[in-house]
Amino acid sequence: MDTKAFNLNIFSHKDSLFSFAFSFTKDTDDANDLFQETMLKAINYSSQFKEGTNLKAWLYTIMRNTFINNYRKSSKTDRIMTVTDDLTSDKLFLSASMNGSEGKFVMDDIYKALSKLQPEYYTPFIKYFEGYKYHEIADELKIPIGTVKTRIHVARQILKKQLRIYSKMAEDQEQVA
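Position 79 of the sequence shown, counted from 1, bears residue number 79 in the UniProt record's numbering, the numbering being contiguous throughout.
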């Protein structure tokens, strides 16, 4: 199956995939993100799909596994952010030191990462970050809503890669604490 036929074939399952995503997340925006991530993975790994097998089941499996992996990542993050009553001076020191000049460097790195985004990703991402809804961005930029969602998702992935050092620093600080 050629790429165009494959893409049209997976797109034909759009409605049922979105419903499946919503059944996991119970939130429209999170369901949109899960749907977009599933579609990107399906396109990226289209060579692994075996013709003659159930495409819908394959897509559902990708979505289910993506949701589970994201849930595991977020539950690890949630465990890190626990509230305790014993605030010792060393924990207060670490907290206070992170609120110092490091914040300026972090913001500089965020701005640099944003400036490296191509305009077709930067504009929808910034609009979404400013609080615009997907359909509002699509109307303003005169592009399909699916394109808006994909570009925002891709921008997030690019920024995650470029700012990955900060997640490692957070893990290192947790180990120190």
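Quick reminder that beta carbons are idealized off the backbone N, C-alpha and C, glycines included.
Local Cβ density within 10 Å of residue i, reported as buried at 16 or more and exposed below that
| i | result |
| --- | --- |
| residue 121 | buried |
| residue 140 | exposed |
| residue 155 | buried |
| residue 107 | exposed |
| residue 128 | buried |
| residue 89 | Any reading at residue 89 needs caution, since the residue's pLDDT is 48, under 50, leaving its predicted position unreliable; the model's value is listed next. The residue in question, residue 89, is exposed, as its Cβ has fewer than 16 Cβ neighbours within 10 Å. |
| residue 124 | buried |
| residue 59 | buried |
| residue 42 | buried |
| residue 165 | exposed |
| residue 66 | buried |
| residue 5 | exposed |
| residue 149 | buried |
| residue 137 | buried |
| residue 68 | exposed |
From the options, residue whose alpha carbon lies closest to that of residue i
| i | options | result |
| --- | --- | --- |
| residue 116 | 163, 150 and 143 | 163 |
| residue 37 | 166, 161 and 152 | 152 |
| residue 74 | 30, 4 and 10 | 30 |
| residue 18 | 55, 33 and 144 | 33 |
| residue 10 | 118, 159, 39 and 148 | 39 |
| residue 56 | 44, 15 and 145 | 15 |
| residue 22 | 150, 5, 2 and 64 | 64 |
| residue 109 | 143, 135, 161 and 35 | 161 |
| residue 147 | 135, 158 and 157 | 135 |
| residue 13 | 54, 114, 130 and 70 | 54 |
Practice task
Assess, as a yes-or-no matter, whether the region 19-32 is touched by the region 44-54 under the definition of 3 or more beta carbon pairs within less than 8 Å.
Solution key: no
Practice task
Note down, one range per segment and in chain order, each alpha helix (DSSP H) of at least 4 residues found wholly within the region 113-163.
Solution key: 119-129, 134-141 and 145-162
Exercise for the section: Note down, one range per segment and in chain order, each beta strand (DSSP E) of at least 3 residues found wholly within the UniProt domain "RNA polymerase sigma-70 region 2" (12-76). Expected result: none
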